[in-house]
Amino acid sequence: MEMLSAYEVARLQNVTKKTQPISQTSKSKKLKLKKKQQNGVSKAKNKSPKENKGFVIVNTKISSQQNTKNKSENHGQLQNNSSETNKKVPFQQQNGAHEQSKCSNAITKKPVKNTKNLPIQPKKVVKKKKNTKKQEVNNKNLSELPAGKTIKSNGNESDCSDVPELVYFPEHGSESMSIESDEEYFEDHVNPIEASEEAFNWLVYPIKPDTFMKDIWEQKPLHVRRNKPKYFSPMMSTPLLDQLLRDNHIMYSKNLDITSYSDGIRETHNPPGRALPSVVWDYYLNGCSVRMLNPQTFIPIVHKINSALQEYFGCFVGANSYLTPPNSQGFAPHYDDIEAFILQIEGKKRWRLYKSRNKKELHPRYSSPNFSQEELGEPIFDDVIHAGDLLYLPRGTIHQGDTFGSDEHSLHITLSVYQNNSWADFLEKLLPNALKNAIENEPKFRQGLPLHYLKHVGEVYKNKKHDNMLKEFVDKTKSLVQTVFDKYLNVHEAADQMAKNHVHDFLPPMLDESEAICTVQEGGEKMIENGEVVNRVEIEPDNMVRLIRHHCARLVREEGVHKLYYSSENSKEYHEYDIQFVEVDEEFVPAIKKLITVYPQFIKVDHLPIKDIVKKVQLVRDLWEKNIVITEVPLPALMD
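Written out as structure tokens, the structure reads:
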């Protein structure tokens, strides 16, 4: 990891200045290190910027929104199997290797969870009446705005930066904008692509996303010092963690780990069974760290942010949370196989980072074992991360964090991304399939090997010169490999297999209330008192529909059959269920492709490329019932 050039430093300084919200008084944004000796953390040594080699530090005192993606020190998710009902009208739904069963058009309603104590409350939705009347809205009168409209605010009113709604994001820029003034209204649908981009903007702000991906991503760590202690507080808190332990059946090893690192020994102290708060806090008081392996399962705002970022990255975004007591360390030095975004929520933590020791450790595909202190060189970064700060670690960055010398605890969330998403993973899909196809179609691949070739090829013979049979053998091998490359490399097939794996990994999409009522989740038939079913709905030819999210569905051709894999029925626990898919009859394939290619735009059911209008409606009805598509407006109830 190299030092930043003077040009890079100057450019990043310029980026910081340019991306500040208007009307925010800013102090100098020079890229410099503060003294490490802060608030009693005595072990963080003072270093000059030159000593933090290859590390980018951005100082900022702005209050605008910014968030980070963070790597978890261990994923620790369990895999379980579950079978779902199957259906073929016009699909034949499959669920792994489970036995098929037929069902009627029943809708399984999910219970609404109590959100009273959540960091961010869901928005209420009211019906919209069009009005072209305009008014100017100042950002200081936000309470007067109808919920859900895009406004531009620099967040000066609060020390806590708003977590993005992932539907309508506050934009950085001018203080006011023109909006429609109206009575009650129904929110227009979010553009999921734009929402995902805004989520990433919020994550890395004040660094521009293009700058981050070009100059930081996979190349060097990044520390953004925000000086806003409550920046990430809506994501999680220690009282919330206590409440989660009381309200949920959180299990040791599956959902939570108790860890320690002392005298060079890293230990996990998980007892069997449920993690109850009194026991967990007793471990904590004895110097143990508490790692929650899947906070997105229990905290809706974490699920919401991760779900939006999945649309940006096109792969699974995981999360772990880490609570470390004062004067302790929970994990040994190691590196991970993911891109990590560390969001410091409470307290502070000293981090020491080390460059990869050799090329084999650059962009690793697997996490490392624990290192001893003797195996490490001098750190390229040694500093204290405070509440509100962001720390990004590329794959392979050796790291360790501690709270030694501090009377403060530390709570952070690590967002992890890009696991198993490298060129190596892609080629592992591409090359075996190419070779398989070549063997099936080319008789020369199935011819027998030369007689006595083992007397000319191998360790004993590799340095033998002027061996004609060895030369012929090598030339023939190269010719066959070249045939594979020239005729049988199918990058589209390999990409579909990568996408299929991602679909299985994904969190289910987190929908805003205005979206949910346009889906099978909240729309359609409902049971009321006296066993009466109301709000019967039907898909009509003039309904406008689109995929719920682009990453939620992938059309793949396997063994001569088209299959639509989807993630909308995934669990919030990693791989809790088998991968879900439906088989698609050939006459419906063009319509599925059309839905995918027009995304994120809506398309009228009648405009789908199927001749029979009844089959158009039938296709969309089946997709709607599997929560794969969403309508532009809620389906109206039929009159009995």
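Numbered per the UniProt record's numbering, the sequence shown spans residues 1 to 640. Cβ coordinates follow ideal geometry from the N, Cα and C atoms, glycine included.
| Query | Result |
| --- | --- |
| What residues in its chain sit with their C-beta under 6 Å from that of Ser367, if we drop five residues either side in the sequence? | Asp336, Asp337 |
| In the DSSP assignment, find the unbroken alpha helix (DSSP H) run with Asn441 in it and report its ends. | 423 to 441 |
| May I have the straight-line CA-CA distance separating Asp622 from Pro206, to the nearest angstrom? | 44 Å |
| From this set, Lys593, Asp542, Phe331, which residue's C-alpha is nearest Leu564's C-alpha? | Lys593 |
| Can you tell me the Cα-Cα spacing of Ser416 and Ile345, whole angstroms? | 16 Å |
| Compute the Euclidean distance between the alpha carbons of Ala319 and Glu361, then round it to the nearest angstrom. | 23 Å |
| Assess contact between the region 522 to 542 and the region 553 to 560, defined as three or more Cβ pairs (one per stretch) separated by less than 8 Å. Is contact present? | no |
| Assuming Ile628 is part of the alpha helix (DSSP H), what are its boundary residues? | Counting along the chain, Ile628 falls outside any alpha helix (DSSP H), and DSSP gives it neither H nor E. |
| Using 8 Å as the threshold, is the C-beta distance between residue 713 and Glu339 below it? | The first residue shown for the chain is 1 and the last is 640, placing residue 713 beyond what the model contains. |
| If I follow the unbroken alpha helix (DSSP H) through Thr597, where does it start and stop? | 589 to 598 |
| Start and end of the beta strand (DSSP E) containing His575? | Here His575 belongs to no beta strand (DSSP E), and DSSP marks it neither H nor E. |
| Counting only the same chain and skipping the five closest in sequence on each side, list residues whose C-beta sits under 7 Å from that of Ala308. | Leu166, Ala195, Ser196, Ala199 |
| Thinking Pro229 and Gly388 are a contact (beta carbons under 8 Å), I'd like their distance in whole angstroms, please. | 5 Å |
| Could you give the residue range of the beta strand (DSSP E) that holds residue 713? | Missing from the structure shown is residue 713; the chain here goes from 1 to 640 and no further. |
| Which ranges would you report for the alpha helix (DSSP H) in the region 276 to 354 if only whole runs of at least 4 residues count? | 277 to 285, 300 to 313 |
| Could you tell me the distance, in whole angstroms, from the CA atom of Thr259 to the CA atom of Trp423? | 34 Å |
| Compute the Euclidean distance between the alpha carbons of Val302 and Ser372, then round it to the nearest angstrom. | 33 Å |
| Is it buried or exposed, Lys465, if we count other Cβ atoms within 10 angstroms and call 16 or more buried? | exposed |
| Residues bridged to Gly401 by DSSP? | Trp351 |
| Have a look at Gln580 and Glu513 and give me their C-alpha separation to the nearest angstrom. | 25 Å |
| I'd like to know whether the C-beta atoms of residue 689 and Ser571 end up nearer to each other than 8 Å. | Nothing about residue 689 can be read from this structure; the chain reaches only from 1 to 640. |
| Return the CA-CA distance between Gly273 and Thr324, expressed in angstroms with no decimal places. | 22 Å |
| Should Val491 be labelled buried (16 or more other beta-carbon atoms within 10 Å of its own) or exposed? | exposed |
| Does Ile539 come out as helix, strand or coil in the three-state DSSP assignment? | coil |
| Are the region 289 to 302 and the region 492 to 501 touching by the rule of at least three beta carbon pairs closer than 8 Å? | no |
| Around the Cβ of Glu440, are there at least 16 other Cβ atoms within 10 angstroms (buried) or fewer (exposed)? | exposed |
| Count the other CB atoms within 10 Å of the CB of Lys102; is the residue buried (16 or more) or exposed (fewer)? | Residue confidence is low: Lys102 scores 32 on pLDDT, short of 50, so the model does not pin down where it sits. Its coordinate-derived value is still stated next. It counts as exposed. |
| Can you give the beta carbon distance from Asn370 to Pro333, rounded, assuming they're within the 8 Å contact cut? | 7 Å |
| Count the CB pairs spanning the region 431 to 440 and the region 401 to 412 that are closer than 8 Å, and state whether there are at least three. | no |
| Looking at the secondary structure, which residues open and close the alpha helix (DSSP H) in which Thr477 lies? | 468 to 487 |
| Shortest alpha-carbon distance to Cys288 belongs to which of Ile305, Glu525, Asp257, Phe212? | Asp257 |
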